[in-house]
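Numbering (the numbering used here), first residue to last: 94 to 413.
Where a beta carbon is used, it is the ideal one built from N, C-alpha and C, also for glycine.
Right, one structure below, let's go through it.
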Amino acid sequence: MSSRSSVKPNTQRPQGQPKSLPRPIREIIRCKYLYLIFLIPFIYYIVFQYWPMYGILISFQDYNVVKGISGSPWVGFKHFEKFLFDDYFWTLVRNTLLINIYNLLWGFPAPIILAILLNELRSERFKKVIQNISYLPHFISTVVVCGMLVNFLSSDGLVNQIVKFFGGESIQFLMYPQYFRTIYVASGIWQSVGWNSIIYLAALTGIDAEMFEAALIDGANRWHRIRYITLPSIAPTISIMLILNLGRLMNLGHEKILLLYNGSTYETADVISTYVYRRGLLGNDFSYATAVNLFQAVVGVILVSASNQISKKVGETSLW
94 MSSRSSVKPN
104 TQRPQGQPKS
114 LPRPIREIIR
124 CKYLYLIFLI
134 PFIYYIVFQY
144 WPMYGILISF
154 QDYNVVKGIS
164 GSPWVGFKHF
174 EKFLFDDYFW
184 TLVRNTLLIN
194 IYNLLWGFPA
204 PIILAILLNE
214 LRSERFKKVI
224 QNISYLPHFI
234 STVVVCGMLV
244 NFLSSDGLVN
254 QIVKFFGGES
264 IQFLMYPQYF
274 RTIYVASGIW
284 QSVGWNSIIY
294 LAALTGIDAE
304 MFEAALIDGA
314 NRWHRIRYIT
324 LPSIAPTISI
334 MLILNLGRLM
344 NLGHEKILLL
354 YNGSTYETAD
364 VISTYVYRRG
374 LLGNDFSYAT
384 AVNLFQAVVG
394 VILVSASNQI
404 SKKVGETSLW
């Protein structure tokens, strides 16, 4: 009889790994250094983003610092009803919406226009100079920007010096409520237009250069190339950014407004976020302030979802 010789493959596992470990665990062990890098942002989001959500419960309570969240009595939607039926509610909503709408109307197109203009420049050196100049304000802190605005718009500041030079009278701009929104929006555009244009410049680099060459051969001028090639090519990026901006219509940062407004400009400057700051941190009404802030967040989620669905149906571009 002839015996066939068979060579059995080596099925021994590397030393240090138990035989019964499931495949996901083995993958984690194999990529342990990558998971360690991921662990840092994971812990950050858990500690500073998700765990504080537990505090939302106090919006449904008459929160007492001594008793804590577990010992404070439940009151249901009492604070929400108090805010919704407050006479000051519509003033806060109007101011928040108007400032954000002005930001959307004037601030949203500004980086798109800047990115297109920069893309049309032929001199790379001049283009880099303009980019650096437009990016710089983004790195100036809000406190410094507000300090500059206060100095420039004071009675003897740079703006009033120019007004006096042309025969006008000095104006305390920050004391008049009708000027506040213009000052806020214009300074915000100056501070963010360069930085926000980066994403559109990145989208412009993805356009096929052959499309521009073909349009040039067909006799298209610069305006035609922008209208029929550039804008349609970056339309998905514009749609996504517009959805994100629409979701922030009821959300406005309080830092800059707190540094610029005063009692005489509450009529147009006081927004929901500054109201929450005053009632919560200065007035120690934590439950009411949390309820107002939760209302603002819920409206923001609704706006994002609605604008996403509209964008999906109209332009087939969406966040999800």
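Neighbourhood of residue 239 by C-beta distance below 8 angstroms, restricted to the same chain and skipping five residues each side: 349, 352 and 353
Residues near residue 197 by beta carbon distance below 8 angstroms, same chain, minus five either side: 338, 339 and 342
Residue 265 (DSSP reduced to helix, strand or coil): coil
For residue 167, the three-state DSSP class (helix, strand or coil): Of the three classes helix, strand and coil, the one that applies to residue 167 here is strand, per DSSP.
Identity of the residues DSSP links to residue 254 by a beta bridge: Residue 254 is not bridged to any residue.
Residue closest to residue 271, alpha-carbon to alpha-carbon, out of 358, 293, 236 and 263: 358
Check whether residue 256 and residue 245 have beta carbons under 8 angstroms apart: no
Beta carbon of residue 283 nearer than 8 angstroms to that of residue 202: no
CB of residue 176 within 8 angstroms of CB of residue 182, strictly: Result yes, Cβ atoms of residue 176 and residue 182 sit closer than 8 angstroms.
Beta-carbon proximity list for residue 372, same chain, < 8 angstroms, skipping 5 on both sides: 378, 381, 382 and 385
Rounded straight-line distance, which links the Cα of residue 141 to that of residue 126: 24 angstroms
Among 248, 392 and 333, the one whose alpha carbon lies nearest that of residue 264: 248
Residue from 135, 158, 152 and 327 whose Cα sits closest to the Cα of residue 292: 327
Contacts around residue 321, its chain only, beta-carbon distance under 8 angstroms, and the 5 residues preceding and following it disregarded: Hits under 8 angstroms: 308 and 313.
Bridge partner(s) assigned by DSSP for residue 154: 167
Assigned exposure category for residue 204 - 16 Cβ within 10 Å defines buried: buried
Rounded C-alpha distance that separates residue 290 from residue 184: 33 angstroms
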